[in-house]
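Q: The structure follows.
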Amino acid sequence: MSSEEYESPEGSPLGTSEGEAGDRTPVSEDALETEDAAPTTFPSTPYSMAPNIASSSTSISAEPPLTRRLRPQKAKYYRTYDIVPLCAAIHGCQIYALDATRNMRWVFTGGDDGYIRKYDFFGSMNGKQLLTQNQKHAQVESVQKNEEPLPPAPVVPTPVPNTPVVVSQENTNGITNGSIAEPSNSPQPEIVAEAPLPEPKLSAVYSLAVQSEAIWLLSGLESGGINLFTVRHEEGKCHHVLKEHNGPVSVLKITQDETGFISGSWDKQVLYWDLNNGQVVRRFIGHNSQITSIQFRPVLPAFSQSTRESSPESYDELFNDEDDLVNSNDVLLTTSIDGHIMIWDKRAEEPIIKTLAPERTPPWSLSACWSADGTKIYCGRRNGTVDEWDVRARAVLRVLRMPNGSGPVSCVASMPNGKQLICASTDNIRLWNLEENENSRSSVPFLIVAGHHGGTISQILIDEQCRYMITTSGNRGWEGSTTESALFYEIGPG
Numbered sequence: 005m006s007s008e009e010y011e012s013p014e015g016s017p018l019g020t021s022e023g024e025a026g027d028r029t030p031v032s033e034d035a036l037e038t039e040d041a042a043p044t045t046f047p048s049t050p051y052s053m054a055p056n057i058a059s060s061s062t063s064i065s066a067e068p069p070l071t072r073r074l075r076p077q078k079a080k081y082y083r084t085y086d087i088v089p090l091c092a093a094i095h096g097c098q099i100y101a102l103d104a105t106r107n108m109r110w111v112f113t114g115g116d117d118g119y120i121r122k123y124d125f126f127g128s129m130n131g132k133q134l135l136t137q138n139q140k141h142a143q144v145e146s147v148q149k150n151e152e153p154l155p156p157a158p159v160v161p162t163p164v165p166n167t168p169v170v171v172s173q174e175n176t177n178g179i180t181n182g183s184i185a186e187p188s189n190s191p192q193p194e195i196v197a198e199a200p201l202p203e204p205k206l207s208a209v210y211s212l213a214v215q216s217e218a219i220w221l222l223s224g225l226e227s228g229g230i231n232l233f234t235v236r237h238e239e240g241k242c243h244h245v246l247k248e249h250n251g252p253v254s255v256l257k258i259t260q261d262e263t264g265f266i267s268g269s270w271d272k273q274v275l276y277w278d279l280n281n282g283q284v285v286r287r288f289i290g291h292n293s294q295i296t297s298i299q300f301r302p303v304l305p306a307f308s309q310s311t312r313e314s315s316p317e318s319y320d321e322l323f324n325d326e327d328d329l330v331n332s333n334d335v336l337l338t339t340s341i342d343g344h345i346m347i348w349d350k351r352a353e354e355p356i357i358k359t360l361a362p363e364r365t366p367p368w369s370l371s372a373c374w375s376a377d378g379t380k381i382y383c384g385r386r387n388g389t390v391d392e393w394d395v396r397a398r399a400v401l402r403v404l405r406m407p408n409g410s411g412p413v414s415c416v417a418s419m420p421n422g423k424q425l426i427c428a429s430t431d432n433i434r435l436w437n438l439e440e441n442e443n444s445r446s447s448v449p450f451l452i453v454a455g456h457h458g459g460t461i462s463q464i465l466i467d468e469q470c471r472y473m474i475t476t477s478g479n480r481g482w483e484g485s486t487t488e489s490a491l492f493y494e495i496g497p498g
């Protein structure tokens with residue numbers, strides 16, 4: 005694909021639209037209008053992909069992102085957390101992918117049925133639609149509300165060539181293909197009729213990444229393509245397909261400035277894309293198995309303030325160099341299903357900065373995450389354990405062991421206070437207390453998070469303010485059972 009084939013749209017989807025997308029300040033749920041719950045669904049694979057994006061007059065600006073001040077976070081100072089499920093979104097299929105806008109206004113899920121569903125998050129949490137008796141039977145007592153996706157948006161297919169089909173038909177009136185011909189006693193010729201448009205073959209949605217204000221989103225396909233959809237304008241229309249991978253695209257992560265993204269695939273490749281021209285600008289070569297997760301290094305220190313005018317020079321103790329205190333686009337963590345963890349820095353000449361090979365651990369990992377301060381890594385394993393890595397020491401500090409029979413740890417997420425870790429295994433989701441020690445009075449170092457039981461957790465999403473959490477169930481194309489549902493949680497002080 006040449007650079008001429010990929011052009012940025014005018015204003016949107018890749019830019020920010022005037023008025024609607026200009027304000028980057030998170031919006032509270034009290035200031036939003038809620039709508040009747042019911043999701044928008046659109047296929048992950050359209051009838052035909054448009055070869056070009058509409059206009060070339062506007063491209064993504066490479067200038068620093070707008071000023072973004074993170075307000076003081078109470079969640080950072082919580083001693084522990086109380087996580088309560090309030091709403092369930094029943095899908096009827098395995099859920100592979102999950103993402104949301106920055107203010108949690110819209111939530112998007114992708115499943116193995118090939119559809120992307122859009123939910124009004126606050127409309128769901130404050131809605132009045134209740135679970136049916138059969139649906140409630142599988143949920144805990146606190147889950148009372150049922151969320152349906154918003155009404156479907158029209159999908160605008162691009163015309164495709166019709167395959168002529170020869171139809172044998174007698175036409176005594178001399179009417180052929182809608183035009184009136186002179187009556188004739190001679191035998192009527194065979195009529196060539198146009199075949200109907202073939203039904204599109206939908207690909208499972210293996211990954212999702214949505215722009216912070218829902219202007220556009222990316223979805224990963226089984227074929228290795230990455231679809232670029234518009235959401236706010238011409239909802240559900242695919243404007244371009246980015247093609248470079250040769251297998252299912254299992255992970256998508258948009259950079260902090262939203263001018264590029266990182267993709268990981270079953271073809272063992274990790275690619276860095278430039279959204280201005282749709283080209284791959286960096287390849288991270290080193291994994292020998294399917295890519296399972298990608299995480300950018302978090303802000304240092306957690307919940308710091310940064311502006312365009314702030315000094316970009318500050319000491320980074322992780323790599324002993326100078327780095328600015330923003331969510332790093334340069335340092336990222338990748339994992340593969342064979343259990344390897346790698347840390348990359350795209351600024352360095354060497355492609356691999358850190359390689360953390362598993363030692364005496366089973367060769368399997370579906371998820372890993374950074375600690376809140378970016379100095380440790382937590383990696384879930386198949387044998388029901390979570391490894392805690394110290395990045396500077398390049399060693400395992402300890403191993404968190406789930407109870408016997410818990411099943412593989414398929415998803416992990418760190419909490420902003422640095423004291424708790426979310427660990428999702430087949431039987432339950434646990435809030436693990438990282439500060440528990442041998443002198444602690446409690447014999448159990450974790451709390452059970454109600455709501456999930458008996459299925460593989462595919463994704464965990466916690467909003468920036470640490471007020472809400474969403475979990476989805478699915479095996480992402482690998483192995484494991486599913487509950488075919490997503491749960492919406494509220495987070496408070498414990």
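For reference, each letter of the sequence shown is one residue, going 5 to 498 in our numbering.
Heads up, the beta-carbon is just placed ideally off N, CA and C, and yes, glycines get one too.
For Gly96 and Glu488, I'd like the C-alpha separation in whole angstroms.
A: Walking along the sequence shown from the start, residue 96 turns up at place 92. Walking along the sequence shown from the start, residue 488 turns up at place 484. C-alpha separation (whole angstroms): 5 Å.
Q: For Ser485, I'd like the list of residues in its chain whose CB is within less than 8 Å of its CB, leaving aside the five on either flank, ordered along the chain.
A: On the sequence shown, position 481 is the one that residue 485 refers to. Around Ser485, the same chain offers Thr430, Gly458, Gly459, Thr460, Asn479 as residues with beta carbons nearer than 8 Å, after the five sequence neighbours per side are excluded.
Q: Around the Cβ of Glu262, are there at least 16 other Cβ atoms within 10 angstroms (buried) or fewer (exposed)?
A: As a position in the sequence shown, residue 262 is number 258, starting the count at 1. Glu262 is buried by the Cβ-count criterion.
Q: Assuming Ser414 is part of the alpha helix (DSSP H), what are its boundary residues?
A: On the sequence shown, position 410 is the one that residue 414 refers to. Here Ser414 belongs to no alpha helix (DSSP H); instead the beta strand (DSSP E) covers 413-418.
Q: Would DSSP call Tyr500 helix, strand or coil?
A: Any property of residue 500 remains undetermined from this structure, which presents the chain solely from 5 to 498.
Q: Could you have a look at Asn138 and say whether DSSP puts it in helix, strand or coil?
A: By one-based count along the sequence shown, residue 138 stands at place 134. Note: Asn138 maps to helix in three-state DSSP.
Q: Kindly list the residues whose CB is nearer than 7 Å to the CB of Ser332, restricted to its own chain and excluding five residues on each side of it in sequence; keep chain order.
A: Locating residue 332 in the sequence shown gives position 328, where the first residue counts as 1. Result list for Ser332: Phe300, Arg301, in chain order.
Q: Determine the direct distance from the alpha carbon of Thr296 to that of Gly343, and round the result to whole angstroms.
A: Working through the sequence shown from its first residue, we reach residue 343 at position 339. Working through the sequence shown from its first residue, we reach residue 296 at position 292. Rounded to the nearest angstrom, the two C-alpha atoms are 10 Å apart.
Q: With a CB to CB cut of under 6 Å and the five nearest residues on each side skipped, what residues in its chain are close to Ala79?
A: For the purposes of this step, residue 79 is identified with residue 75 of the sequence shown, where counting begins at 1. Excluding sequence neighbours, Ala79 sits near Pro420, Cys470.
Q: Going residue by residue through the region 377-428, where are the continuous beta strand (DSSP E) segments of at least 3 residues, counting only ones entirely within it?
A: 380-384, 389-394, 399-405, 413-418
Q: Going by Cα to Cα distance, which pick from Ala213, Arg396, Gly455 is closest to Gln139?
A: Here residue 139 is taken as the residue at index 135 of the sequence shown, counted from 1. Minimum Cα distance to Gln139 is reached at Gly455.
Q: Less than 8 Å between the beta carbons of Gly411 and Asp86, yes or no?
A: Taking the sequence shown and counting its residues from 1, one reaches residue 411 at position 407. Taking the sequence shown and counting its residues from 1, one reaches residue 86 at position 82. Not closer than 8 Å, so no.
Q: From the DSSP output, which residues share a beta bridge with Arg286?
A: Translated into the one-based positions of the sequence shown, residue 286 becomes position 282. DSSP output for Arg286 lists Tyr276 as bridge partner(s).
Q: Can you grab the Cα-Cα spacing for the pair Asn250 / Gly224, in whole Å?
A: Sequence index remark: in the sequence shown, residue 250 carries index 246 (1-based). Sequence index remark: in the sequence shown, residue 224 carries index 220 (1-based). Looking at the two C-alpha atoms, the distance is approximately 12 Å.
Q: On the three-state DSSP scale, how would you describe Met129?
A: If you number the sequence shown from 1, residue 129 lands on position 125. Three-state result, Met129: helix.
Q: What's the gap between the Cα of Trp482 and the Cα of Ser371?
A: Translated into the one-based positions of the sequence shown, residue 482 becomes position 478. Translated into the one-based positions of the sequence shown, residue 371 becomes position 367. Straight-line Cα distance between these residues: approximately 13 Å.
Q: Using 8 Å as the Cβ pair cut-off and three pairs as the minimum, do the region 240-257 and the region 204-218 touch?
A: yes
Q: Are Ala104 and Val111 close, meaning C-beta to C-beta below 8 Å?
A: On the sequence shown, residue 104 is found 100 positions in, with the first residue counted as 1. On the sequence shown, residue 111 is found 107 positions in, with the first residue counted as 1. Yes; because the gap between Cβ atoms is below 8 Å, this pair is in contact.
Q: What does Met473 pair with, by DSSP beta-bridge criteria?
A: Taking the sequence shown and counting its residues from 1, one reaches residue 473 at position 469. Note: Met473 sits in a beta bridge opposite Ile466, Tyr493.
Q: At the level of alpha carbons, what is the spacing between Phe126 and Ala352?
A: Translated into positions along the sequence shown, residue 126 becomes position 122. Translated into positions along the sequence shown, residue 352 becomes position 348. Roughly 42 Å between the two C-alpha positions.
Q: Is Ala92 helix, strand or coil by DSSP?
A: Stepping through the sequence shown from its first residue, residue 92 is reached at position 88. If DSSP states are grouped into helix, strand and coil, Ala92 belongs with the strands.
Q: Which word fits Leu401, buried or exposed, when buried means at least 16 other C-beta atoms lie within 10 angstroms of its C-beta?
A: Numbered from its first residue, the sequence shown carries residue 401 at position 397. It is exposed - the Cβ of Leu401 has fewer than 16 other Cβ atoms within 10 Å.
Q: Quick one: is Gly409 buried, meaning 16 or more other Cβ sit within 10 Å of its Cβ, or exposed?
A: To locate residue 409, count along the sequence shown from 1; it is residue 405. With fewer than 16 other Cβ atoms within 10 Å, it is exposed.
Q: Run the CB neighbour count on Val413, radius 10 Å, all protein chains shown included, and call it buried at 16 or more, exposed below.
A: Start at 1 with the first residue of the sequence shown, and residue 413 comes out as number 409. Buried: at least 16 other Cβ atoms inside 10 Å.
Q: So, is Ala438 buried or exposed, given that buried needs 16 or more other C-beta atoms within 10 angstroms?
A: Translated into the one-based positions of the sequence shown, residue 438 becomes position 434. Here residue 438 turns out to be Leu, not Ala, going by the sequence shown. Leu438 should be labelled buried.
Q: If you drop the 5 nearest sequence neighbours on each side, which residues of the same chain put their C-beta closer than 7 Å to that of Glu248?
A: To locate residue 248, count along the sequence shown from 1; it is residue 244. Contacts found: Leu275, Val284.
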